[in-house]
Amino acid sequence: MKKVILSLSIAFFITTNVFAAGSSSGGDGGSSASKTNYDKAVIHIKSAKKYEKKGKLEKAQKSYAKAQKLLIKSNEKKPGKADTLNYLGFTTRKLGDFENGEKYYLQGLAIDPKHKGINEYLGELYVATNRHNLAVERLGVLEGCNCEEYDQLKAVIAGEKSKY
């Protein structure tokens with residue numbers, strides 16, 4: 000009986016250590032191991048938007064820059080994703096590079112011409128660069144979607160400050 004208990008204890012100990020060696024905590028309980036670069040970028044974008052609302056513009060810019068780097072990696076690894084290109088355009092625009100921001104948005108529209116986020120943000124970029132006729136075109140794409148992107152772009156075209 001003692002041999003059976005000893006054998007079971009040893010087997011349990013070995014099995015437990017083998018499974019423990021195979022786990023990856025990533026330093027934060029394992030949650031970051033499953034997050035993609037895109038997922039991490041979205042977190043930075045949300046933080047940046049909060050910083051902007053609080054008037055902490057330097058911190059917002061740093062978060063946008065971190066997000067942009069992650070999105071570039073994500074786009075290299077999995078190209079052709081409209082959502083990634085939308086946020087690449089957004090972060091690039093927020094960092095002051097309207098020309099490249101527009102390029103990312105247009106790449107995204109080539110994949111998904113009716114993408115609500117891209118159409119809204121590209122329309123806002125057009126307003127910011129004094130191309131209202133192109134902003135109105137983007138609004139036309141969103142017309143009938145019954146979505147907040149339409150309402151927000153319409154307000155920006157009418158002269159209200161962009162939410163983002």
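Just so you know, we're using numbering that gives the first Met the number 0 here: the sequence shown kicks off at 0 and counts up by one.
Think of the CB as a built atom: it goes at the ideal place given N, C-alpha and C, for glycine as much as any other residue.
Fair warning: this is a prediction, and the values are worked out from it, not measured in the lab.
- Counting the other Cβ atoms within 10 Å of the Cβ of GLU142 gives fewer than 16, which makes it exposed.
- The DSSP-derived three-state label of ASN145 is coil.
- Judged by DSSP in its simplified three-state form, LEU94 adopts coil rather than helix or strand.
- Under the three-state reduction of DSSP output, GLU51 falls in the helix class.
- In the DSSP annotation of this structure, the continuous segment of the alpha helix (DSSP H) that includes SER62 starts and ends at 56 to 76.
- Note that the region 61 to 69 does not touch the region 100 to 110; fewer than 3 beta-carbon pairs, one per stretch, sit closer than 8 angstroms.
- Your pair ILE44 and THR91 does not check out as a contact, with CB atoms roughly 12 angstroms apart and the cut at 8 angstroms.
- For TYR120, the enclosing alpha helix (DSSP H) covers residues 115 to 127.
- Within the same chain, ALA59, SER62, TYR63 come within 6 angstroms of ALA47 by CB-CB distance, once the 5 residues on both sides are set aside.
- Excluding five sequence positions before and after LYS65, the CB atoms of its chain that fall closer than 6 angstroms to its own CB belong to HIS43, given in chain order.
- Secondary structure at ARG137: helix, using DSSP grouped into helix, strand and coil.
- Cβ neighbours of SER73 within its own chain (closer than 7 angstroms, five residues either side excluded): THR35, ASN36, TYR37, ALA40, THR83.
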